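Numbering-wise, the sequence shown is residues -23 to -1, 1 to 285 according to mature numbering (1 follows the signal peptide of the UniProt record, and there is no 0).
By construction, the Cβ of each residue, glycine as well, lies at the ideal position given by its N, Cα and C atoms.
No experiment lies behind these values; they were computed from the predicted model shown.
So the structure is just underneath, and the comments pick up after that.
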Amino acid sequence: MICRKTILTALGAACLAFLPSCAATAQQQMLNLYDGPAPGSQNWSEPLVVHSADGGEERYNTTEPRLQVFLPEPDKADGAAIVMLPGGGLRVLGMGAYIQQTAKMMNDRGVAVIVLEYRTLQRTPEEIAQATAPRPAASGPTEFPKMEIRNANANPSPDDPAMNEVLRLAVNDGQAALRLVRSRAEEWNIDPARVGMFGTSAGGGVAFGTMMAGEEGATPDFIISNFGPALQDIAVPEDAPPLFLITEAWHGPVTDGLVALFQMWIAEREHAELHVYDVPNFTMTPDLWGGRLLEWMKERELLDRAPE
């Protein structure tokens, strides 16, 4: 059921809108990623559609990317930051309650969280209705098809031109987000050398694509992937960022792709940690893996301050 439908109004990137305070975070800001229309999607015509879901939102037809900024209190700021990339198969952005939960966990430890609403595939109202139709009550567990993983590429549609284009634009958004965050480093109490990416599902593919683009000032210093495999061929970069990888045992190509990434990193003696849980649907909450993630960040010298 569609709760509201809106067309995103283009605002200048310099114009900040302060949101009401929320128990999950100390501060919130929202700003557009680009000053003007996002390059490459000026002719997209499908309006933004927003559904309420999972304690948050599902956003379809994102054309004008924006950032939700969750900052810790200045006296708690550690300097580390993550650009958080929601999942949704590049067709939707799943902005559920886990976004707030993860932001709170990170803010409590002094880490800034910047959620990037990157561009997604244009979909008609009919396609959205079909995608959001309830599954039949008698449906069994989701079965993931087997696929061969080469160069850690777990893209289920590698030859789809439309999906490849939206991945390219999403990666552009990831690069722009990293540049913007680093440009606000002093204002937001961020160390520009400790800015990573946290990708969920397809968001992981955007994070790894941003890494592979390799543009100066627009690559992540570390990557956290929450069942988010690469969606393109991967080679271990010369300056490989440390990886923290999380997945479920029965998630098919997603799990296989993340295992392949882990093996590539350790084969080159680069830092990587992989957690495969035999716990269904664990990935939408940091309760299980959040403590270890923060410990890993400290061990990798991504956190400076001692916890209070």
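Residue of the options minimising C-alpha distance to residue i
i, options, result
"histidine 252", "Gln209, Ser202, Ile59, Leu208", "Ser202"
"arginine 68", "Asp55, Trp273, Thr40, Thr224", "Thr40"
"valine 191", "Ala217, Phe47, Gly267", "Inspection of the sequence shows that residue 191 is occupied by glycine rather than by valine. For glycine 191, the nearest C-alpha among the options comes from Ala217."
"arginine 145", "Arg100, Val90, Gly182", "Gly182"
"phenylalanine 204", "Gly64, Pro138, Asn84, Leu10", "Gly64"
"glutamate 250", "Thr262, Glu125, Gln77, Trp266", "Trp266"
"alanine 110", "Pro24, His28, Asp55", "His28"
"glutamate 50", "Arg246, Arg96, Glu164", "Glu164"
"alanine 212", "His248, Asn130, Ile76", "Asn130"
"aspartate 168", "Gly176, Ser178, Leu157, Thr177", "Leu157"
"alanine 162", "Glu23, Phe47, Ala58", "Ala58"
"methionine 83", "Val46, Arg96, Leu98, Gln107", "Val46"
"phenylalanine 199", "Ile76, Glu276, Ser160, Ala106", "Glu276"
"glutamate 215", "Leu235, Leu208, Arg246, Gln240", "Arg246"
"glutamine 77", "Gln107, Pro42, Leu48, Gln209", "Leu48"
"glycine 13", "Trp242, Pro42, Val90, Lys123", "Pro42"
"leucine 235", "Thr224, Ala244, Glu103", "Thr224"
"aspartate 136", "Val92, Leu208, Ala106", "Leu208"
"glutamine 5", "Gly17, Lys81, Glu23", "Lys81"
Same chain, Cβ closer than 8 Å to residue i, neighbours up to 5 away in sequence not counted
i, result
"threonine 187", "Val148, Gly151, Gln152, Leu155, Met174, Ala195, Thr196, Pro197"
"threonine 97", "Arg36, Tyr37, Asn38, Thr39, Gly65, Leu67, Arg68, Val69, Leu70, Val143, Ala147"
"phenylalanine 121", "Trp227, His228, Gly229, Pro230, Val231"
"alanine 30", "Gly71, Gly73"
Residue i versus residue j - alpha carbon distance
i, j, result
"alanine 1", "asparagine 128", "Unreliable placement is indicated for alanine 1, whose pLDDT of 45 sits below 50; no coordinate value is reported for it."
"lysine 53", "arginine 86", "7 Å"
"leucine 279", "methionine 72", "26 Å"
"threonine 101", "alanine 184", "27 Å"
"glutamate 94", "arginine 171", "21 Å"
"leucine 10", "glycine 56", "21 Å"
"threonine 232", "alanine 15", "33 Å"
"proline 206", "alanine 237", "9 Å"
"glutamate 193", "proline 138", "27 Å"
"tyrosine 75", "glutamine 19", "31 Å"
"leucine 271", "leucine 44", "23 Å"
"glycine 32", "leucine 25", "19 Å"
"lysine 8", "glycine 180", "It is worth fixing the name first, because residue 8 is leucine in this sequence and not lysine. Taking the straight line joining both Cα atoms gives about 20 Å."
"valine 90", "phenylalanine 239", "25 Å"
"glutamate 103", "leucine 62", "26 Å"
"isoleucine 105", "serine 160", "36 Å"
Sheet register partners of residue i (DSSP bridge)
i, result
"serine 22", "DSSP lists no partner for serine 22."
"serine 160", "Answer by DSSP bridge pairing: none, since serine 160 is not bridged."
"asparagine 149", "The partner list for asparagine 149 (beta bridge, DSSP) is empty, contrary to what the question assumes."
"arginine 43", "Asn9, Glu94"
Close Cβ partners of residue i (< 7 Å) along its chain, the five nearest in sequence each way excluded
i, result
"serine 134", "Met140"
"aspartate 255", "Ala226"
"tryptophan 273", "Phe221, Glu250"
"arginine 282", "Asp55, Gly87"
"residue 292", "Past the boundaries of the shown model lies residue 292; the chain is included only from -23 to 285, so the question cannot be answered."
Close beta carbons around residue i, own chain, < 6 Å, minus the five adjacent residues each side
i, result
"glutamate 34", "Val27, Met72"
"tryptophan 21", "Thr40, Gln99"
"arginine 269", "none"
"serine -3", "In this predicted model, serine -3 has a pLDDT of only 36, less than 50, meaning its place in the structure is not dependable; the value taken from the coordinates is given anyway. Cβ neighbours of serine -3 beyond the five flanking positions: none."
"threonine 79", "Pro263"
"aspartate 210", "Asn128, Asn130"
"glycine 17", "Leu146"
Only counting runs of 3 or more residues, tell me where the beta strand (DSSP E) segments fall wholly within the segment 55 to 140, in order along the chain.
-> 58 to 62, 70 to 72, 89 to 94
In chain order, each alpha helix (DSSP H) run of at least 4 residues that lies wholly inside the segment 206 to 280 | 230 to 244, 267 to 276
Fully enclosed by the segment 164 to 190, which beta strand (DSSP E) runs are 3 residues long or longer?
-> 172 to 177
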